[in-house]
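Reviewing the structure listed below.
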Amino acid sequence: MDRERVAVKEGVGGRGVPPGVVQDRRMSYSIEQLRALSDDELVAAHDELAVFTQVGTQYYVDELNRREQERSIAASEALARSSHRLSVTNTWLAGLALVVAVVALFVR
238 MDRERVAVKE
248 GVGGRGVPPG
258 VVQDRRMSYS
268 IEQLRALSDD
278 ELVAAHDELA
288 VFTQVGTQYY
298 VDELNRREQE
308 RSIAASEALA
318 RSSHRLSVTN
328 TWLAGLALVV
338 AVVALFVR
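All you need for my numbering is the position in the sequence shown, starting with 1, plus 237.
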C-alpha cells in the first residue's frame, strides 16, 4: 500500500516528533486500507507510532481483555471438540443398541 510520507524538517518536529523523523501525512487509514494491511504491516505501523504515544491505563486493560478473550475462545473451541466427540460416540452407541435390539427380536 502506498502511503504518503513527509520528512519533518530539521528543528520543526511537530507534536513531540523528533526532527528528521519520517511520519505519515494523514491521521489514520481508511477502514478499507486498514483491513487490507497484513498482520506484520499492522505491527510495524503500531511499533512506529508507539514511541511517540503516551498511553493510559485503558491500554493495559484492553490488552488484558484481549488475552482473556483469546483464552476464552480456546476453551470454547476445546469444549466444541469434546461435544463433537461425544455426539459421534453417542451416535455409534445408538446404532449399536439398534442392532442389538433387532438381533434380540430374531433370536427369540
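Ideal placement from N, C-alpha and C gives every residue a C-beta, glycine not left out.
Please report how far the alpha carbon of residue i lies from the alpha carbon of residue j, in whole angstroms.
i      : j      : result
Gln306 : Glu314 : 12 Å
Phe343 : Ser320 : 35 Å
Asp277 : Ala334 : 54 Å
Leu341 : Ile310 : Note on identity: in this sequence residue 341 is Ala, with Leu being the wrong assignment. Whole-angstrom Cα-Cα distance: 46 Å.
Ala281 : Thr294 : 22 Å
Ser265 : Val288 : 16 Å
Val243 : Tyr297 : Note on Val243: pLDDT 42, under 50, position unreliable in the model; the coordinate value appears next. Cα to Cα, Val243 sits roughly 31 Å from Tyr297.
Ser324 : Ala312 : 18 Å
Glu300 : Leu316 : 24 Å
What first and last residue would you give for the alpha helix (DSSP H) that runs through residue i?
i      : result
Gly293 : No alpha helix (DSSP H) holds Gly293; DSSP gives it neither H nor E.
Leu274 : It is not in any alpha helix (DSSP H) - Leu274 carries neither H nor E in the DSSP assignment.
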